[in-house]
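Some notes on the structure that comes next.
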Amino acid sequence: MKRMPIMSYANSGSGRERIVAIGLVGLIQGGIIAALVSGLAVQFVEKIVDKPLETYSVPLRQPPPPDVKKPETPKTIEARTTTMPVIDAPKPLVDLDKPAPPLISIDIPPAKVDPAPLPSLPSPTPTPMNLSRGASARGNIGAWFPQNAYPAAALRAEAEGRASVLLDVTAEGRVSDCRIVSGTGNAALDAETCRLAIRNGRFEPARDAAGNPIASQMRLPPVVWRIVN
Numbered sequence: 001m002k003r004m005p006i007m008s009y010a011n012s013g014s015g016r017e018r019i020v021a022i023g024l025v026g027l028i029q030g031g032i033i034a035a036l037v038s039g040l041a042v043q044f045v046e047k048i049v050d051k052p053l054e055t056y057s058v059p060l061r062q063p064p065p066p067d068v069k070k071p072e073t074p075k076t077i078e079a080r081t082t083t084m085p086v087i088d089a090p091k092p093l094v095d096l097d098k099p100a101p102p103l104i105s106i107d108i109p110p111a112k113v114d115p116a117p118l119p120s121l122p123s124p125t126p127t128p129m130n131l132s133r134g135a136s137a138r139g140n141i142g143a144w145f146p147q148n149a150y151p152a153a154a155l156r157a158e159a160e161g162r163a164s165v166l167l168d169v170t171a172e173g174r175v176s177d178c179r180i181v182s183g184t185g186n187a188a189l190d191a192e193t194c195r196l197a198i199r200n201g202r203f204e205p206a207r208d209a210a211g212n213p214i215a216s217q218m219r220l221p222p223v224v225w226r227i228v229n
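Here UniProt numbering is used: the first residue of the sequence shown is 1, the next is one more, and so on.
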């Protein structure tokens, strides 16, 4: 069976008529909505305006009171009274009303004290003098060696020279020994020099620090042997 298209009334009209119809319907609906809204708004405002303003009192929260310490009750100290014992003074053994007896003075002679003798101090020892000295010749040493004592052998040889000798002197001042220190070069002259010194030499002996004579040595001045024409 073949279906045929059917057109409704709304669709069969022209486009302009449809727009006009839609616009009218919109206006009608908008007016109804506006009337409803305005009426409700007027009633709501009237209700709000007519209602009186209600006020409420809100109580403030008070802070808790501070802690107050109770004052301490001072302790009562009972005063104790001490009773001092009563001491009775003893009666004096001496009657104070009677005058005192006179004082008796006794003269005691001073004791004799013999002073102890002071110990004798040792006398200072004097510093001894140093009396030491060397030996010294007595008289003229040249007289110990006379001209006639020239040895004959030395004269024949015409020997001359100078001799130095070292003498040993005893505590009595005599010569005990002789040694040639520096010779003349001639044995006869050297031997004669020592022989004459031992025979003729006399001395003041040497002494120690206490002044006692002691043996010593002494060197004589050079003895010169020379032939004189």
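Every residue, glycine too, gets a C-beta built ideally from N, C-alpha and C.
Just so we're clear, the structure is a prediction, and the values are computed from it rather than from any experiment.
Residue i, buried or exposed, once every other Cβ within 10 Å from all chains shown has been counted against 16
i    : result
D190 : buried
P115 : exposed
P205 : buried
E158 : exposed
V228 : exposed
T125 : exposed
V224 : exposed
E172 : exposed
L220 : buried
A152 : exposed
I127 : Per the sequence shown, the amino acid found at residue 127 is Thr instead of Ile. Per the 10 Å Cβ criterion, exposed.
A163 : buried
A149 : exposed
P66  : exposed
Delimiting residues of the alpha helix (DSSP H) encompassing residue i
i           : result
I227        : It is not in any alpha helix (DSSP H) - I227 carries neither H nor E in the DSSP assignment.
residue 231 : Shown here, the chain extends from 1 to 229; a query on residue 231 therefore has no answer.
residue 237 : Outside the shown range of the chain (1 to 229) lies residue 237, about which nothing can therefore be said.
R61         : It is not in any alpha helix (DSSP H) - R61 carries neither H nor E in the DSSP assignment.
L155        : 152-156
Beta-carbon gap between residue i and residue j smaller than 8 angstroms
i    : j    : result
V169 : A135 : yes
G185 : W144 : no
S132 : R207 : yes
L167 : A197 : yes
T193 : V175 : no
N130 : A209 : yes
Terminal residues of the beta strand (DSSP E) in which residue i lies
i    : result
R219 : 216-219
D190 : Unbroken run through D190 is the alpha helix (DSSP H), 187-200; no beta strand (DSSP E).
L167 : 161-169
R179 : 175-182
CB contact check: residue i to chain C, cutoff 8 angstroms
i    : result
S136 : In the structure shown, chain C does not exist; there is a single protein chain.
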